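Asks: Sending over a structure as structure tokens; questions will come in a sec.
Numbering (my numbering), first residue to last: 7 to 87.
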């Protein structure tokens, strides 16, 4: 995996919290901690986008008849014959 260096200006409080996590052994380095944080952020946005797409699909199909209801109706019609 290719790596690139990025320079960021962050609040001291945030850096101190990350350093504390490293000190506690949660991460091996600040780089690892920030990488994990960015991965989680990106994953969170992707999940939100996926949920929105599902909602859009659901909205487009709400007016369609229920598959279950269609099957039941079909069975009822067969039983009447």
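Even glycine gets a Cβ: it sits at the ideal position worked out from N, Cα and C.
Every value quoted in this text rests on a predicted model; they were computed, and no experiment measured them.
Return helix, strand or coil for residue 58, following the three-state DSSP convention.
Replies: helix
Asks: When the Cα atoms are used, what is the spatial distance from residue 13 to residue 44?
Replies: Straight through space, the alpha carbons of residue 44 and residue 13 are spaced by roughly 14 Å.
Asks: Below 9 Å between beta carbons: does that hold for residue 42 and residue 33?
Replies: yes
Asks: In this structure, how does DSSP classify residue 31 when only helix, strand and coil are distinguished?
Replies: DSSP, read as helix, strand or coil, puts residue 31 in coil.
Asks: Cβ atoms of residue 38 and residue 53: under 9 Å apart, would you say?
Replies: no
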